[in-house]
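Notes for the one structure printed next.
Residue numbers (the UniProt record's numbering): 1 to 234.
Below, the structure is given as structure tokens:
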């Protein structure tokens with residue numbers, strides 16, 4: 001009942017501070033699988049997807065004050081999808097992976113959106129881990145390898161000297177914590193999406209994998225903000 005009450009409030013046009021507080025409470029409650037059973041419905045998923053700006057294909061990310069709401073809504077979706085097989089099935093029906101890829105593309109065009117990008121990537125990782133049909137959809141329909149590789153390239157701030165050769169700058173500073181976390185989430189999602197890629201058939205696929213290999217090499221030469229984060233990144 002508490003979760004339903006929170007979602008009823010979130011469905012209304014409330015203040016940003018109220019939305020963030022409600023989402024923070026829902027995120028904590030959504031760690032409990034028993035609590036999720038009655039609230040994991042198509043309607044409730046759509047409420048959270050709307051708050052995460054996943055329902056707007058064309059609108060860019062412009063209102064900075066909305067960013068904390070987007071992040072908290074994505075965190076809630078991460079918990080719900082991780083803990084609920086019903087939510088995993090609804091994700092396919094609601095075309096959640098395609099919406100996440102679209103939001104990820106918007107993040108490439110904006111500054112100050114690392115948190116949004118990170119939890120978008122984490123949700124793509126969870127979907128590709130927990131639902132084989134979504135993994136196939138990402139690989140075959142949504143150009144997931146390309147989208148995720150570009151997200152990784154952006155997080156690592158790769159500069160190119162040749163088509164498949166990244167610039168080596170031994171004096172470059174370590175990645176920030178946010179950049180490192182984004183890169184780690186992109187790598188995890190890429191692993192899932194490319195897991196069954198034993199045969200590369202087309203010229204475009206060959207290009208994508210050579211491009212990705214160059215970025216992965218660059219990643220191994222990159223350091224994070226701490227030894228532990230560098231180890232996790234590698």
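Glycine residues also receive a C-beta, built at the ideal position from the N, C-alpha and C atoms.
Own chain, CB closer than 6 Å to residue 148, minus 5 neighbours either side, in chain order | The residues are 186, 189, 190.
What distance in whole Å lies between the Cβ atoms of residue 214 and residue 166, which are believed to be in contact at a cut-off of 8 Å?
-> Between residue 214 and residue 166 the Cβ distance is about 6 Å, and since that is below 8 Å, they are a contact.
For the segment 163–196, list the alpha helix (DSSP H) runs that are entirely contained and at least 4 residues long, ordered along the chain.
-> With a minimum length of 4 residues, the continuous alpha helix (DSSP H) runs that stay inside the segment 163–196 are 177–193.
Assigned secondary structure, residue 161 (DSSP; H/G/I helix, E/B strand, else coil) = Strand.
Would you tell me roughly how many angstroms separate the C-alpha atoms of residue 43 and residue 49, rounded to the nearest one?
-> Approximately 10 Å, taken between the alpha carbons.
Who are the Cβ neighbours of residue 208 in its own chain at under 8 Å, not counting the five residues just before and after it?
-> So the qualifying residues of the chain are 145, 146, 149.
To the nearest angstrom, report how far apart residue 22 and residue 14 are at their CA atoms.
-> Here the alpha carbons of residue 14 and residue 22 stand approximately 10 Å from one another.
Would you mind reading off the limits of the alpha helix (DSSP H) that contains residue 213?
-> For residue 213, the enclosing alpha helix (DSSP H) covers residues 203–220.
Burial state of residue 137, where buried means 16 or more other Cβ atoms lie within 10 Å | Around the C-beta of residue 137, 16 or more other C-beta atoms lie within 10 Å, and the residue is accordingly described as buried.
Between the Cα of residue 154 and the Cα atoms of 104, 7, 128, which residue gives the shortest distance?
-> The shortest Cα separation from residue 154 among 104, 7, 128 belongs to 104.
Report the residue from 219, 68, 33 whose alpha carbon sits nearest the alpha carbon of residue 170.
-> When only C-alpha atoms are compared, the closest one is 219.
If you draw a straight line from the C-alpha of residue 16 to the C-alpha of residue 66, how long is it?
-> Rounded to the nearest angstrom, the gap between the Cα atoms of residue 16 and residue 66 is 7 Å.
Measure the alpha-carbon distance for residue 80 versus residue 116 and round it to whole angstroms.
-> Cα to Cα, the separation comes out at about 17 Å.
What are the complete alpha helix (DSSP H) segments, minimum 4 residues, inside the segment 93–146?
-> Runs found: 96–108, 114–130, 132–140.
State the Cα-Cα distance for the pair residue 100 and residue 221, rounded to the nearest angstrom.
-> Roughly 29 Å separates the two Cα atoms.
Assuming residue 135 and residue 193 make a contact with CB atoms under 8 Å, what is their CB distance in whole Å?
-> Yes, they are in contact, since the Cβ atoms of residue 135 and residue 193 sit about 6 Å apart, within 8 Å.
Going by C-alpha distance, which of 30, 36, 47 is nearest residue 8?
-> Cα-wise, what sits closest to residue 8 is 47.
Hey, how far is the Cα of residue 195 from the Cα of residue 232?
-> C-alpha separation (whole angstroms): 19 Å.
Rounded straight-line distance, which links the Cα of residue 54 to that of residue 96 | The C-alpha of residue 96 lies about 8 Å from the C-alpha of residue 54.
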